[in-house]
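If you want the working numbering, it's the position in the sequence shown, counting the first as 1, plus 132.
Idealized CB from N, CA, C, for every residue including glycine.
What you are looking at is a predicted structure, and each value in this text was computed from that prediction instead of being measured.
Structure first, commentary second.
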Amino acid sequence: MIKFIHARFILLTLLLFFGNLNLISASAYSCSLLNDTDTTVADTAESGLADTVITAENTGAALIGENAQIIPRTQTFSFDIVRILRGILGMIVLVALAYLFSTNRKAISWQVVYVGLAIQLVLAICILWIPGFQTVFEFVGKVFVKIIDFTLEGTKYLFKSIETGKIEPPLLNFVITILPTIIFFSAITSILYYLRVIQVVVFGLAWLLSKALKITGAEGLSVAGNIFLGQTESPLMIKGYLDKMNKSQMLLVMSGGMATLAGGVLAVYINVLGGTDPIQKLIFAKHLLAASVMAAPGVIVISKILIPQTEKVNTDVEVPKEKIGKNLLDAITIGTSDGLRLAVNVAAMLLVFIALIAMINFIFLKIGNWTNLNPLIGEITSGRYEELSLQFILGYSLSPLMWLIGVCSEDMTLVGQLLGEKIILTEFISYISLADMKTAGAFTETKSIIMSTYILCGFANFASIGIQIGGIGALAPSQRILLSRLGLRALLAGTLASLLSATIIGMILG
133 MIKFIHARFI LLTLLLFFGN LNLISASAYS CSLLNDTDTT VADTAESGLA DTVITAENTG
193 AALIGENAQI IPRTQTFSFD IVRILRGILG MIVLVALAYL FSTNRKAISW QVVYVGLAIQ
253 LVLAICILWI PGFQTVFEFV GKVFVKIIDF TLEGTKYLFK SIETGKIEPP LLNFVITILP
313 TIIFFSAITS ILYYLRVIQV VVFGLAWLLS KALKITGAEG LSVAGNIFLG QTESPLMIKG
373 YLDKMNKSQM LLVMSGGMAT LAGGVLAVYI NVLGGTDPIQ KLIFAKHLLA ASVMAAPGVI
433 VISKILIPQT EKVNTDVEVP KEKIGKNLLD AITIGTSDGL RLAVNVAAML LVFIALIAMI
493 NFIFLKIGNW TNLNPLIGEI TSGRYEELSL QFILGYSLSP LMWLIGVCSE DMTLVGQLLG
553 EKIILTEFIS YISLADMKTA GAFTETKSII MSTYILCGFA NFASIGIQIG GIGALAPSQR
613 ILLSRLGLRA LLAGTLASLL SATIIGMILG
């Protein structure tokens, strides 16, 4: 086991990076959380909305704490050998899991693994500590937050009261305050794509990934594109290459979509997690952006372990010249229509999955009553869970893995629950649960909130397998059977990539 993952090399590399942490002091990430329980989204007074918006009720866990937690605004990072070694253990376990499911272990390029992990580590250090990189991510985060504010202006115009000029409290709900963000960001994305801004940025990232990690230019474009576009939109940039891709390349295309978040959905999660506090919105914007960027090299590492590349690759990158729409107004129209369809799908998905959770938990509740498990569960969890539920089962089944990647023992069941909800349901459900938990003060360590933000990053869930088979399969019909065969491996790769990012962040944060 130690031999195949070269643990000594990884240990030496990481200790060299972390050896002088006790000399470094940096800005921390303020997570001043809302004190109102069962609320996750809000707007500022300037936009004319009320202070809180009721969202989906928590359907399983009996959350503890009455006041939300606050992460100190400044924090000194100190060297903690136990934390570092535990993080290294987590990375070894995650790489070992990928190795276990590899189709050709002898063909694995360990150089790609080392370089990819090193890139993730350097990205994390730069994002958290290096002032120049911090400034860039803060600027992009502010852009996202400002666009959310612009969205709320459009929402206010449609739903405000004629008498007061504000949206009245009865209308303040998830549909009106959150879903319009998807529509507006979809339109903005179409504008940027029409103006070729996204293509330029994606080209730069794709070139770096292709040269550093020895992947094809088409793979690099797809992975880089997934940072900004959706899991079915990004493959449009390489549709001319899809029919010719082998198993290793197709897995990376699918895995890249599983491991990252599209810009429009990312904006929604900023709103869900950020609440009323503009500083908190900015903090989560930076972390969500960092999670998507860090996932790119991570998913390449995991994907190339699962199905190694055995053929010679062409690392040249060529961005397609196609535009969305005939002109700017046409691009806006197309983006708006696409965003509306996505928003409706999200609303329908939430309705169905939350209803299913309620139904499943009702069945589990009855089973717990018949077997007298409910009082026992409440006792052994100190009231955190009061009954047999889907959340309880997911939390405890995944809690050992959460501990291995650095989550404290007090929070590992909650974070395990969130990961389980993401995989079985969707990341949308799990981010709403995370917002409810942090608002209720459920976490013992505030670091668990940040790590959860990285763990939940990406579309790695069972529903995405069907979405990719349908979306990518429409672009390359000859690959549909291969797509269906690779679905579970892509889900595994996307999940492990997000866990890798969270593990590295957990090692760095005190």
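Query                                                                                                                                                              : Result
List in chain order: all unbroken alpha helix (DSSP H) runs of 4+ residues lying wholly within the segment 284 to 369.                                             : 306 to 309, 311 to 326, 329 to 345 and 349 to 358
Buried or exposed, going by whether 16 or more other CB atoms sit within 10 Å of the CB of Asp375?                                                                 : exposed
So, for Ser241: in the same chain, excluding its five sequence neighbours on each side, which residues have a beta-carbon less than 8 Å away from its beta-carbon? : Lys346, Lys436, Pro440 and Gln441
Taking its Cβ as the centre, do 16 or more other Cβ atoms sit within 10 Å of Phe496, making it buried, or is it exposed?                                           : buried
Please report the straight-line C-alpha distance between Thr171 and Asn236, rounded to a whole angstrom.                                                           : Caution is warranted here: a pLDDT of 38 is assigned to Thr171, below 50, making its placement in the model unreliable, and the coordinate value is therefore given only provisionally. Using only the alpha carbons, I get a separation of about 48 Å.
Exposed or buried, which one is Thr408 when buried takes at least 16 other CB atoms within 10 Å?                                                                   : buried
May I have the straight-line CA-CA distance separating Thr468 from Asn459, to the nearest angstrom?                                                                : 14 Å
According to the neighbour-count rule (16 or more other Cβ atoms, all chains shown, within 10 Å of its Cβ), is Pro312 buried or exposed?                           : buried
In whole angstroms, what separates the C-alpha of Tyr325 from that of Val397?                                                                                      : 17 Å
Here's a check: name, in chain order, each residue in its chain whose Cβ is nearer than 6 Å to the Cβ of Gly362, leaving out the five neighbours to either side.   : Ala394
Beta-carbon separation of Ile320 and Ile640 under 9 Å?                                                                                                             : no
Could you give the distance in angstroms between the alpha-carbon of Phe360 and the alpha-carbon of Gln331?                                                        : 10 Å
Under a Cβ-count criterion, where at least 16 other Cβ atoms within 10 Å of its own Cβ denotes burial, should Trp502 be classed as buried or exposed?              : exposed
Measuring alpha carbon to alpha carbon, tell me which residue in Ala595, Ala356 and Glu295 is nearest Ile432.                                                      : Ala356
Rounded to whole angstroms, what's the CA-CA distance from Thr576 to Leu546? Just pull it up for me.                                                               : 10 Å
Inspect the CB distances between the segment 476 to 488 and the segment 511 to 519 and report whether three or more fall short of 8 Å.                             : no
Got a sec, what are the start and stop residues for the alpha helix (DSSP H) Asn403 sits in?                                                                       : Gly395 to Gly406
Distance check for Gly388 and Arg617, CA to CA, integer angstroms please.                                                                                          : 16 Å
Taking contact to mean at least 3 C-beta pairs separated by less than 8 Å, is the segment 270 to 278 in contact with the segment 477 to 484?                       : no
Assuming Gly471 contacts Ala629 (C-beta within less than 8 Å), just tell me the rounded distance between them.                                                     : That belief does not hold up - the Cβ atoms of Gly471 and Ala629 are roughly 27 Å apart, past 8 Å.
Can you tell me whether Gly538 is helix, strand or coil according to DSSP?                                                                                         : coil
Can the beta-carbon of Asn358 be found less than 9 Å from the beta-carbon of Ala417?                                                                               : no
State the CB to CB distance for the pair Arg612 and Ile601, rounded to an integer number of angstroms; the pair is presumed to be in contact (CB under 8 Å).       : 7 Å
What separation, rounded to the nearest whole angstrom, lies between the Cα atoms of Met534 and Thr465?                                                            : 44 Å
What distance in whole Å lies between the Cβ atoms of Thr635 and Gly264, which are believed to be in contact at a cut-off of 8 Å?                                  : So it is not a contact: roughly 25 Å between Cβ atoms.
By Cβ distance, which residues of its chain are closer than 6 Å to Lys413, with the 5 residues on each side in sequence left out?                                  : Val277, Ile402 and Gly406
With three or more C-beta pairs closer than 8 Å as the rule, is the segment 377 to 387 touching the segment 297 to 308?                                            : no
What are the complete alpha helix (DSSP H) segments, minimum 4 residues, inside the segment 455 to 506?                                                            : 460 to 503
So what's Tyr517 in DSSP terms, helix, strand or just coil?                                                                                                        : coil
For Met569, name the three-state secondary structure that DSSP assigns.                                                                                            : helix
Thinking C-beta only, is Leu255 closer than 9 Å to Met390?                                                                                                         : no
By Cβ distance, which residues of its chain are closer than 7 Å to Leu229, with the 5 residues on each side in sequence left out?                                  : Leu628
Rounded to whole angstroms, what is the Cα-Cα separation between Ala193 and Ile299?                                                                                : Unreliable positioning characterises Ala193 in this predicted model, as indicated by a pLDDT of 34, which lies under 50. The coordinate reading is nonetheless provided below. So the alpha carbons of these two residues sit roughly 32 Å apart.
Measure the Cβ-Cβ separation of Gly527 and Gly638 and say whether it is below 9 Å.                                                                                 : no
With a 10 Å radius around its C-beta and 16 neighbouring C-beta atoms as the bar for buried, classify Phe335 as buried or exposed.                                 : buried
Could you tell me the alpha carbon to alpha carbon distance between Tyr563 and Glu443, rounded to whole angstroms?                                                 : 39 Å
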